[in-house]
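What follows is a short report on a single structure.
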Amino acid sequence: MVQLGKRLLPLVAGAAILSLTGCWDSDEVNSLAIVVSAGFDRTEDGDIELILEIVAPEQKQSGKPPSGDQKKGDGKTIIRYAVGDTVADAQGRLQFKLPRTIYWGQLQVLVVGESLARDGFREQLDYLVRDNEIRLRVVPFVTHGKVREFFESPFLLEQTKADFLKGEAARVFHKPLTISRLVQRLSTNDNAAILPFVDVPQNGGDGGGEPYIKGYAVFNRGRMVGTMTGNSFFAAKWVMNQLKNDVQTVDLGIGSPSRVTFITIASNSRLIPSRKKGEWQMMIRVDSELSMIQNTSRLDMADPANARLLEAAVAKRIREMVKQTVHDAQRMHADIFAFGEAINRENPRGWSKLEPHWKSFYPGMEVRVEAGVNLRRIGMNSTPLGQQQKELTKP
């Protein structure tokens, strides 16, 4: 009898769950304005602008232009704007104009304008984390210039802005940052954080070029204080284990041409705090595995000596890039790599003594970088294209 009860228990539980959840009918769905992406920005008058990308209802073409503050998307969504004293106020004003109830449960991305980011948007973020409809898996971004420019920019490969940005984040980062993690970082004493920084080129056709993730926006004390692009972007991703199919080139310095292009196929970095003469210092250890995708040198990378030459050149590049990037973060007084958290994990008692002085200590903290590199793949050809074995040079 007990065994029979155990077998029936999953069936009873499943039936109970189905009776509680139910499913939406078409009338319920048709009464909602389903938001898939949102934008926050500050106007020139100091107000808060809210921009929503809403799934467009399927309907017959009437030939009439959109009314009010409505912009057409690319057929699948519409863009609506509203201005208010706060995000919640702007949402209320926008709801007053819409015939459907704004529904946040499918929100996927949040885009913050640069002006609001530099002023600080933590207070406006409060609206999203307070609403129980909104999932904390939403991916946040900062856009260069105005949020309107991003939402009005063309995009060719995806049907919605939300799909576009989520796809970009998945392509560029190993593990995209979410609002949940952002809130945790903004809750620390220094409020340091980084967010993907989206650029909208202005040299395209109507409305500019297609947006792309250009780097990181750096936050200190809840406000955007700078950006990390180019090599600094690569280095920051190295430290935070966010590299994903990044293509880079290194010069071997043995004549011309001597450049080798590679992809980092695996990488792991660690923060190792220690004390030297009573002062805390940080060592960053980066280990990477490479796949060579182009060799313009005259070196045969199947030769272990040549492979070691490439590995040494890449390790040197990593050390230089990471050290410069950490210096930039220290100059901005932003502990974006969580040095303080690493010290706290290593020595909670020592951190309790250092924490009151952390803001003044961090910018001058000594940081060392070690890099280990392993050339894992060299491709189908061991020798450079067009080179005969007798023409290959030694380093």
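For the sequence shown, position 264 matches number 264 in full-length UniProt numbering, and the numbering has no gaps at all. Glycine included, each C-beta is placed from N, C-alpha and C at the ideal position.
Touch check for the stretch 313-322 and the stretch 213-226: three-plus C-beta pairs under 8 Å? no
V55 lies in the beta strand (DSSP E); which residues open and close that run? Start at 1 with the first residue of the sequence shown, and residue 55 comes out as number 55. Run containing V55: I48 to V55, per the beta strand (DSSP E) assignment.
Do the CB positions of Q281 and S274 come within less than 7 Å of each other? As a working mapping, residue 281 is identified with position 281 in the sequence shown. As a working mapping, residue 274 is identified with position 274 in the sequence shown. Their beta carbons are under 7 Å apart, which means Q281 touches S274 by this criterion.
Which first and last residues belong to the beta strand (DSSP E) in which F197 is found? As a working note, residue 197 is residue 197 in the sequence shown. That run of the beta strand (DSSP E) goes A193 to D199.
Enumerate in chain order the residues of its own chain whose CB-to-CB distance from V172 is below 6 Å, with the five nearest sequence positions on each side excluded. Residue 172 sits at position 172 when you count from the first residue of the sequence shown. Answer for V172: I213, listed in chain order.
Does the beta-carbon distance from I78 to L107 come in below 7 Å? Here the question's residue 78 lines up with position 78 in the sequence shown. Here the question's residue 107 lines up with position 107 in the sequence shown. It is not a contact, given that the beta carbons lie outside the stated cut-off.
Thinking V200 and F141 are a contact (beta carbons under 8 Å), I'd like their distance in whole angstroms, please. On the sequence shown, position 200 is the one that residue 200 refers to. On the sequence shown, position 141 is the one that residue 141 refers to. Between F141 and V200 the Cβ distance is about 12 Å, and since that is not below 8 Å, they are no contact.
Buried or exposed, going by whether 16 or more other CB atoms sit within 10 Å of the CB of S269? Residue numbering aside, residue 269 sits at position 269 when the sequence shown is read from its first letter. Flag for S269 reads buried.
According to DSSP, is D45 helix, strand or coil? Translated into the one-based positions of the sequence shown, residue 45 becomes position 45. It is coil, neither helix nor strand.
CA-to-CA distance, K353 to A338, given in whole angstroms: Counted from its first residue, the sequence shown places residue 338 at position 338. Counted from its first residue, the sequence shown places residue 353 at position 353. Rounded to whole angstroms, A338 to K353 spans 17 Å at the Cα level.
Exposed or buried, S67, counting other C-beta atoms within 10 Å across all chains shown (16 or more means buried)? Against the sequence shown, residue 67 aligns to sequence position 67. Low per-residue confidence applies at S67: pLDDT is 42, beneath 50, and the placement is therefore not dependable enough to give any value.
Suppose you measure from the CA of A302 to the CA of V373; what does that come to, to the nearest Å? For the purposes of this step, residue 302 is identified with residue 302 of the sequence shown, where counting begins at 1. For the purposes of this step, residue 373 is identified with residue 373 of the sequence shown, where counting begins at 1. Distance between the alpha carbons of A302 and V373: 16 Å.
Alpha carbon of V83 to alpha carbon of F164, nearest angstrom: Start at 1 with the first residue of the sequence shown, and residue 83 comes out as number 83. Start at 1 with the first residue of the sequence shown, and residue 164 comes out as number 164. Distance between the alpha carbons of V83 and F164 is about 25 Å.
Contact check, L98 vs A56, beta carbons under 7 Å: Taking the first residue of the sequence shown as position 1, residue 98 is located at position 98. Taking the first residue of the sequence shown as position 1, residue 56 is located at position 56. In this structure, A56 does not lie closer than 7 Å to L98 by Cβ.
Classification of F96 by the beta-carbon crowding that lies within 10 angstroms, buried from 16 upward: Against the sequence shown, residue 96 aligns to sequence position 96. Exposed.
With DSSP run on the structure shown, which of helix, strand or coil describes Q202? Residue 202 sits at position 202 when you count from the first residue of the sequence shown. In the structure shown, Q202 sits in coil (DSSP, three-state: anything other than H, G, I, E or B).
May I ask whether a heavy atom of the ligand MG can be found less than 6 Å away from the beta carbon of H357? The ligand MG is not part of this structure, which contains no ligands at all.
Sequence ranges, alpha helix (DSSP H) only - wholly within the stretch 93-119, length at least 4: 114-119
Residues in its own chain within less than 8 Å of L186 by CB, not counting five upstream and five downstream? Numbered from its first residue, the sequence shown carries residue 186 at position 186. So the qualifying residues of the chain are R122, L125, A193, F219 and G222.
Please list, in chain order, all residues of the same chain as A235 whose beta carbon is under 6 Å from its beta carbon, the five residues on each side excluded. Numbered from 1 along the sequence shown, position 235 holds the residue referred to as residue 235. Cβ within range, chain order: M321, V322 and T325.
Quick one: measure Cβ to Cβ for V109 and V183, integer angstroms, because I've assumed they're closer than 8 Å. Within the sequence shown, the letter at position 109 stands for residue 109. Within the sequence shown, the letter at position 183 stands for residue 183. About 16 Å separates the two Cβ atoms, so there is no contact after all.
Which two residues bound the contiguous beta strand (DSSP E) that contains A217? On the sequence shown, position 217 is the one that residue 217 refers to. Run containing A217: Y212 to N220, per the beta strand (DSSP E) assignment.
Minimum Cβ-Cβ distance from D119 to chain C less than 7 Å: Absent from the structure is chain C; it holds one protein chain and no more.
Would you say G105 and V147 are within 7 Å of each other, going by their C-beta atoms? Translated into positions along the sequence shown, residue 105 becomes position 105. Translated into positions along the sequence shown, residue 147 becomes position 147. Cβ atoms of G105 and V147: not closer than 7 Å.
For the putative contact between D190 and K359, defined by C-beta atoms under 8 Å, what is the C-beta separation to the nearest angstrom? Position 190 of the sequence shown, counted from the first residue, corresponds to residue 190. Position 359 of the sequence shown, counted from the first residue, corresponds to residue 359. Their Cβ separation, rounded to whole angstroms, is 6 Å, which keeps D190 and K359 in contact under 8 Å.
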